[in-house]
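For reference, the structure discussed in these notes is given below.
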Amino acid sequence: MSHKVLGPFELQVISAVSDLGANAYGVSIRQAIELRIGRSVAVGAVYTTLQRLQAKGFVSSIQGEPTAVRGGRAKRNFKVEAAGREALDRTVTAMRQALGDALST
Amino acid sequence: MASVFFAALCAPSYRESLVGDLEEEFTQIALHDGVGPAQKWYWNQLFLSVAHLALSRAGTTGQMDQLRGFLVGSAVALFTSFLICWLVHSLIKRADIAQPLLLLSIATTVLYSFLSALAGAWACVSASRNRNYWVLSLLGFVVLVPLLEAVPAIGLPVAATLLAAGAIAASSGIVLGERFFFQLNPLESRL
């Protein structure tokens, strides 16, 4: 298992997946990140990051049922795994430490 | 058209959900703001996503598979180029245009083959995961040089038509080659 901290965009994606819970899929994740950072986010960037996080075992996904509003295509719902939570905690701790160090100097 | 590019560039395991997401957001924007802004958003998403998706595909595909994709794509591009050139040549009856057009068509096709071979060779020897696509893009600009040199002889409209036909032939060839002949590596199959 990797002990590295998450990158800035990985952090945005994994925290959006965590916040959205059972409703975490491509559209909701992308919109949540856009709302948080206040600028347009490419769907390709979200999916390649999700693919990388899944390859690392930080998130898992499950394919849902096809719906008419999506042109008969299925959603893919994402969920943060235990390794992902650990990586998230590790990253937040590292960021707090860095902020603390910066503020104290 | 944009959906085809998205589907071709995306990893197969995510293809259905990504295209479905785009369809869902397109419908939301079309209902709220109209079809025009929705179409603009869709193309903007494609423009912003191409580099991410293409580099991700390059990074998760083996070098021999990249080479195979390029070679098959080049073969399809070559065939399509010949077909388009032959059609253009048959449709334009003016003798003063037809002759230089045919010569330029042959030159363009040969140049595409050369560039494809270079890109394939680079894909084979490159150890970097991202360099292949950047080099291919740079090589693509070389196509413009003989075409620009030929503009005074053949005229701007014919040159622009040839450039558009060449771009369509080459991109559709490479997309088809990648889509139908790329072998997925174990990482991508696992997802």
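Line by line, the protein sequences are chains A and B.
Counting from 165, one number per residue, gives the positions in the first sequence under the working numbering.
Counting from 3, one number per residue, gives the positions in the second sequence under the working numbering.
Every residue gets a Cβ at the ideal spot worked out from N, C-alpha and C, and that includes glycine.
As the structure is a computational prediction, the values presented were derived from the model and not from experiment.
- Contacts with chain B at 8 Å (Cβ-Cβ) do not include residue 202 (chain A).
- When 8 Å is used as the limit between beta carbons, residue 260 (chain A) is near no residue of chain B, the shortest such separation being about 30 Å.
- Taking residue 176 (chain A) as reference, the option from A:256, A:263 and A:262 with the minimal CA-CA separation is A:256.
- In the displayed model, residue 242 (chain A) falls within a strand according to three-state DSSP.
- By the beta-carbon neighbour count (other beta carbons within 10 angstroms, threshold 16), residue 36 (chain B) is exposed.
- In the DSSP assignment, residue 204 (chain A) falls outside any beta strand (DSSP E) and carries neither an H nor an E.
- In this structure, the beta-carbon distance from residue 258 (chain A) to residue 169 (chain A) falls below 8 Å.
- Residue 206 (chain A) reaches chain B at 47, 50, 51 and 54, counting residues in chain order whose Cβ is nearer than 8 Å.
- Of A:224, A:267 and A:231, the smallest CA-CA separation from residue 185 (chain A) is found for A:224.
- Judged by DSSP secondary structure, residue 22 (chain B) falls within the alpha helix (DSSP H) whose first and last residues are 14-35.
- The segment 39-47 of chain B makes no contact with the segment 227-246 of chain A; the number of CB pairs closer than 8 Å stays below 3.
- Secondary structure of residue 228 (chain A) (DSSP, three-state): strand.
- At a cut-off of 8 Å between beta-carbon atoms, residue 22 (chain B) makes contact with chain A.
- The beta carbon of residue 197 (chain A) is closer than 6 Å to those of 176, 180 and 205 in its chain, skipping five residues each way along the sequence.
- Rounded to whole angstroms, the gap between the alpha carbons of residue 254 (chain A) and residue 264 (chain A) is 15 Å.
- Excluding five sequence positions before and after residue 251 (chain A), the CB atoms of its chain that fall closer than 6 Å to its own CB belong to 170 and 222, given in chain order.
- By the Cβ neighbour-count rule, residue 241 (chain A) is buried, with 16 or more other Cβ atoms within 10 Å of its own.
- Assignment of residue 210 (chain A) by DSSP, reduced to helix, strand and coil, places it in the helix class.
- Rounded to whole angstroms, the gap between the alpha carbons of residue 243 (chain A) and residue 182 (chain A) is 7 Å.
- Boundaries of the alpha helix (DSSP H) harbouring residue 175 (chain A): 172-184, taken from the DSSP string.
- Listed along the chain, the chain B residues whose CB falls inside 7 Å of the CB of residue 238 (chain A) are 18, 19 and 22.
- Residue state for residue 223 (chain A) is assigned as strand, using DSSP reduced to three classes.
- By the neighbour-count criterion, in which a residue is buried when 16 or more other Cβ atoms sit within 10 angstroms of its Cβ, residue 215 (chain A) is buried.
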